[in-house]
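What follows is a short report on a single structure.
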Amino acid sequence: LLKLLWCSFTLFLDYWFSAEISVFVQTGASVQLDIQTQELPEFDDLSWKKDISENIVKYISESKKEKLHSSYKDRADFNNKTFSLTLKNMQKTDNSGLYTAIASGESDNNIVTYRVSVIDAVEAPVLTVNSNWFSGNFCTVNFTCRAHELMIDSSYQNNRCSPENVTSQINTLILDCSEEPIICNHSNPVSWKEDKINTIQLCFNKGLNVTMFCT
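Numbering (the working numbering), first residue to last: 23 to 237.
Here it is, written out as structure tokens:
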């Protein structure tokens, strides 16, 4: 009996742990939080709350009308057909946290929980040539790929170099030289930016450095 109870308790923990969905949102952007199920239990009202206690919106099943909390006016939209919640102009200081949809009737049922993290777009990386030397068809370029607290030092020799990547928390710096340009890519879950160096022009002409952005 104890073994059965422990097994049931473990399954219960796994179920609620898996119900929490992580979402990353870029500062200033919007995010839509969906119910994630087409078969809701019968309910009298459905609410979205932040960090369990902060009310955002309540939908009354009988009247089919919703009431948005005054502090979320112009900051949130509720869809009374799908019961999804859209949060607008997200800011790191006051919008990161747990968002839960709760269906209430004879009992309260947590339908879905999102862990929302609002983060900034990454800063542009810098690909710096430290030294270069060429003779005939042989070219050596020593360079540094750097962004924020991340850095990769590498060498391009005889038309090749080893791809590398380093990670710090949610940021990743990737060095890619599988094709003609050497690429230094800095990314996080909401954006990426990259810096490029054209190896042909660097080895045989004056170097060319181009920076690209995507957020």
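Don't be surprised by glycine CBs; every beta carbon is placed ideally from N, CA and C.
These numbers were taken from a predicted model, which means no experiment stands behind them.
Would Ile174 and Ile141 be called neighbours here (beta carbons separated by less than 8 angstroms)? no
Which residues bound the alpha helix (DSSP H) around Asp116? 114-117
Classify Ser129 as buried or exposed, calling it buried when 16 or more other Cβ atoms lie within 10 Å of its own Cβ. exposed
Excluding the five sequence neighbours on either side, which residues of its own chain have a C-beta within less than 6 angstroms of the C-beta of Val79, listed in chain order? Trp70, Glu88, Leu90, Phe100
Measuring alpha carbon to alpha carbon, tell me which of Thr221, Ala146, Glu202 ends up nearest Ser209. Ala146
Please list, in chain order, all residues of the same chain as Thr104 whose beta carbon is under 8 angstroms from its beta carbon, the five residues on each side excluded. Listed in chain order, the non-local C-beta contacts of Thr104 below 8 angstroms within the same chain comprise Asp56, Ile57, local neighbours out to five positions each way being set aside.
Who pairs with Ile57 in a beta bridge, going by DSSP? According to DSSP, Ile57 bridges with nothing at all.
For the segment 144-159 against the segment 168-182, do three or more pairs of beta-carbon atoms, one drawn from each stretch, fall closer than 8 angstroms, so that the two count as touching? yes
Which listed residue (Ala143, Pro203, Phe165) has its alpha carbon closest to that of Thr194: Ala143
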